[in-house]
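Number of protein chains: 2
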Amino acid sequence: MKATVIYGERDIRLEEVPDPVLSTGGDAIVRVVAACVCGSDLWPYRGVTATKEPHRIGHEFVGIVEEIGPDVSTVKVGDFVIAPFYDCDNTCVNCRNGVSFSCLHLVPWGEKDDMGGFADGAQGERVRVPHADGTLVATAEVPDDALIPGLLTLSDVLGTGHHAAVSAGVTVGSTVVVVGDGAVGLCAILASKRLGASRIVAMSRHADRQAVAREFGATDIIEERGDEGVAAVQALFDGIGADCVLECVGTKESMDQAIRSTRPGGMVGYVGVPNGGAELPIRSLFGRNVGVNGGVASVRGYIEELLPEVLSGQINPGRVFDLELPLAEVAEAYAAMDERRAIKVLLRP
Amino acid sequence: MKATVIYGERDIRLEEVPDPVLSTGGDAIVRVVAACVCGSDLWPYRGVTATKEPHRIGHEFVGIVEEIGPDVSTVKVGDFVIAPFYDCDNTCVNCRNGVSFSCLHLVPWGEKDDMGGFADGAQGERVRVPHADGTLVATAEVPDDALIPGLLTLSDVLGTGHHAAVSAGVTVGSTVVVVGDGAVGLCAILASKRLGASRIVAMSRHADRQAVAREFGATDIIEERGDEGVAAVQALFDGIGADCVLECVGTKESMDQAIRSTRPGGMVGYVGVPNGGAELPIRSLFGRNVGVNGGVASVRGYIEELLPEVLSGQINPGRVFDLELPLAEVAEAYAAMDERRAIKVLLRP
Chain E
1 MKATVIYGER DIRLEEVPDP VLSTGGDAIV RVVAACVCGS DLWPYRGVTA TKEPHRIGHE
61 FVGIVEEIGP DVSTVKVGDF VIAPFYDCDN TCVNCRNGVS FSCLHLVPWG EKDDMGGFAD
121 GAQGERVRVP HADGTLVATA EVPDDALIPG LLTLSDVLGT GHHAAVSAGV TVGSTVVVVG
181 DGAVGLCAIL ASKRLGASRI VAMSRHADRQ AVAREFGATD IIEERGDEGV AAVQALFDGI
241 GADCVLECVG TKESMDQAIR STRPGGMVGY VGVPNGGAEL PIRSLFGRNV GVNGGVASVR
301 GYIEELLPEV LSGQINPGRV FDLELPLAEV AEAYAAMDER RAIKVLLRP
Chain B
1001 MKATVIYGER DIRLEEVPDP VLSTGGDAIV RVVAACVCGS DLWPYRGVTA TKEPHRIGHE
1061 FVGIVEEIGP DVSTVKVGDF VIAPFYDCDN TCVNCRNGVS FSCLHLVPWG EKDDMGGFAD
1121 GAQGERVRVP HADGTLVATA EVPDDALIPG LLTLSDVLGT GHHAAVSAGV TVGSTVVVVG
1181 DGAVGLCAIL ASKRLGASRI VAMSRHADRQ AVAREFGATD IIEERGDEGV AAVQALFDGI
1241 GADCVLECVG TKESMDQAIR STRPGGMVGY VGVPNGGAEL PIRSLFGRNV GVNGGVASVR
1301 GYIEELLPEV LSGQINPGRV FDLELPLAEV AEAYAAMDER RAIKVLLRP
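Protein sequences, first through last, are from chains E and B. Counting in the numbering used here, the first sequence runs from 1 upward without gaps. Counting in the numbering used here, the second sequence runs from 1001 upward without gaps.
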């Protein structure tokens, strides 16, 4: 089959790779209907993180179950399924605690599981899913094609934006600031809206992203950054800042922006993967009682909650995809995101 | 009147100072019935923080109202009152948000208010309270002498321990670890117990403090620290750590102990004033979804909730005082705490 392999900086290739084979009884093989490129895929693409040897890549996909092992009970051949951005058993103590990204048997896509099988990267034609019962969520029927982009966001960005909001404690009446206008930041706006936030500020400088932010529920846009950005936020909220600030970038500057935009006693929910060596400034948090909560989102546990609203069209997170390409053009997909010609690119095998 | 003045390292003197005088209409003068020495008072005492010029000291007290300004309406002359460890208006936006330590008109004891009056330090015979209505909580009647120690803990350590527990989200059934066995750590155990924690681990190496910890509700004691301490905590809790860890020390080592003792998806509630330049290690928090929440406790807002249980004897936080001295021996009170001969010293003017 065809699958994407990264060789190094700006070197993405679609290659012929071995077909996946069932091996452990609890696994399944899924034919990928749609996959996509993540902001974090750009790190090795840009050479920010080194690629020591060529390896498979991609961690977001939806598809149709083609084969299942004899121990699989919750999905069947022909089901349309959503996969989170990692494989998990959904039964261990961490999964039961709602932290499936800390699953004791976690398998990242594109790596071997602890039973010796391989979990394919998502940017390919098929993926072997080691823990099919724990990982895959099937829809009642095969959805309309128009719903595919929205369903694909359940694989990562919608659940991750939702995690930022949940981690910051967004609830009915909360005031919210979202730092970051990528796909995750936009989904954090949508998540805050559905959780009942009374006012949602998008910090964004790009007209196209501002438009999606407004559609998703942003009530205010702030283009300023740094001291001016903080002042603009405080001016909106009693001179003190917002209840909840969602950090969806991961740089020292964005975290600083988030902390300083939070009111005393408020909470930063952060999902931007921390870049570089920046640590959290404990004294400025301590004196103002600003908490910091979040991390890698355990999106598996959010799929059931968010899925019905995606299926019904009540929310339309698929709007974050502004470019769709065939899998054959995966290299162009990376380039388009790298050059900010697209917010997020959907790939069809 | 007599009041305590710190001159520098290990130089504490009781001196004759001017009597307080009402000046702003909303102020009151309280005759101190009991005050005490705080762990944070030891910083200037030990020379960890510099004392540039002699100044009044002490921030925890209970007493009897002797005079009130014409604008005071919630306390009257003769009332027994509890003061939090700071003066606040209890009406500004931060106070309304439950963060009275960030009061827009905060006055620390021993400093001038913004109207030019002086708020006396608590280790003295009398204190002028700038915002009497906002700051003071009166009891219905003058309490028995035996209740004084417990009531005095509402001024700081009980509310601060409670804040650690609330910040970490301790609730019915939570598993809790408390790092630090000083008065605040012990009160954090008591607070966790009354919030319904199912299991409470005290990390303590001192037999006398372990005994109070057990009285306050600790179910387990761990004497090990560092890697061994983490391993001991994990062994108690499914190999993953506790839901909530309360950091009540403020050093880099204690925060590290707290973070590593928390399970994935759990929360550190911290109230130990951060010492030195240590920052929070964002990557180890992010990967395991461990949140950090807390800061200086806004104890004013906790007094009403905790007071009835102190008055009824349902909780007995006054146990943290293991030495009582007349105010005249305030220098010895500092020495006893400095040399760890006492957990916490109560002073009677």
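In this text, a Cβ means the ideal position worked out from N, Cα and C, and glycines have one as well.
- Across the stretch 82 to 101 of chain E, CB contacts with chain B closer than 9 Å involve V93, N94, N97, G98, V99 and F101, in sequence order along the chain.
- The closest CA to that of A1336 of chain B, considering only B:L1327, B:D1079 and B:L1323, is found on B:L1323.
- If you look at L1014 of chain B, you'll find it in the beta strand (DSSP E) that goes D1011 to E1016.
- Apart from the 5 residues on each side of it in sequence, E15 of chain E sits with its Cβ closer than 6 Å to the Cβ of V5 in its chain, given in chain order.
- For the stretch 1286 to 1309 of chain B, the set of positions with a beta-carbon nearer than 8 Å to some beta-carbon of chain E reads F1286, G1287, R1288, N1289, V1290, G1291, V1292, N1293, G1294, G1295, V1296 and S1298 in chain order.
- Straight across, the Cα-Cα distance linking K1252 of chain B with I222 of chain E is about 37 Å.
- When secondary structure is reduced to three states using DSSP, K252 of chain E falls in the helix class.
- Nearest neighbour of G1116 of chain B by Cα position, chosen from B:D1256, B:V1107, B:G1150 and B:Q1123, turns out to be B:V1107.
- Collapsing the DSSP output to three states places I1006 of chain B in a strand.
- DSSP, read as helix, strand or coil, puts P281 of chain E in coil.
- E329 of chain E has its alpha-carbon roughly 29 Å from the corresponding atom of D113 of chain E.
- Membership of I1303 of chain B in the alpha helix (DSSP H) is indicated by the continuous run I1303 to S1312.
- Counting the other CB atoms within 10 Å of its CB gives T1262 of chain B a total of 16 or more, which places it among the buried residues.
- Burial check for E1304 of chain B: the Cβ neighbour count within 10 Å stays below 16, so the residue is exposed.
- Chain E has a Cβ within less than 8 Å of the Cβ of L1280 of chain B.
- Secondary structure of P326 of chain E (DSSP, three-state): strand.
- Boundaries for T1175 of chain B: no alpha helix (DSSP H) harbours it, while the beta strand (DSSP E) harbouring it runs T1175 to V1179, taken from the DSSP string.
- Here the alpha carbon of A1119 of chain B sits roughly 52 Å from the alpha carbon of S100 of chain E.
- Residue contact check for D1256 of chain B against chain E: no CB pair falls below 8 Å.
- The beta carbon of G265 of chain E falls within 8 Å of a beta carbon belonging to chain B, placing the residue at that interface.
- Shown here, N1090 of chain B sits in coil according to DSSP, grouped into three states, outside any helix or strand.
- Think of a sphere of 9 Å around the beta carbon of I315 of chain E: no beta carbon from chain B falls inside it, the nearest being about 24 Å out.
- P274 of chain E reaches chain B at I1282, R1283 and F1286, counting residues in chain order whose Cβ is nearer than 8 Å.
- Between S1312 of chain B and L1306 of chain B, the alpha-carbon positions lie close to 10 Å from each other.
- Under DSSP, C1103 of chain B takes part in no beta bridge, so it has no partner.
- Nearest Cα to P1130 of chain B within the set B:E1111, B:A1242, B:D1019 and B:D1208: B:E1111.
- Within chain B, the residues placing a beta-carbon under 9 Å from that of S167 of chain E are N1289 and G1291, ordered along the chain.
- DSSP lists B:G1269 as the beta-bridge partner residues of N1293 of chain B.
- Spatial neighbours of R1199 of chain B in its own chain (CB-CB distance under 6 Å, excluding positions within 5 residues in sequence) are listed in chain order as T1175 and T1219.
- Rounded to the nearest whole angstrom, the C-alpha separation of S254 of chain E and G180 of chain E is 8 Å.
- The Cβ atoms of S1167 of chain B and N1293 of chain B sit closer than 8 Å to each other.
- Positions of the beta strand (DSSP E) runs, each at least 3 residues long and wholly inside the stretch 102 to 141 of chain E, are given as 126 to 129 in order along the chain.
- Counting along the chain, A165 of chain E sits inside the alpha helix (DSSP H) bounded by residues V157 to S167.
- In the structure shown, the three-state DSSP call for E66 of chain E is strand.
- Neighbours of I259 of chain E across chain B, judged by C-beta separation under 7 Å, do not exist; the nearest C-beta is about 11 Å away.
- Shown in chain order are the members of the stretch 233 to 250 of chain E whose Cβ falls below 7 Å from a Cβ of chain B: D238 and I240.
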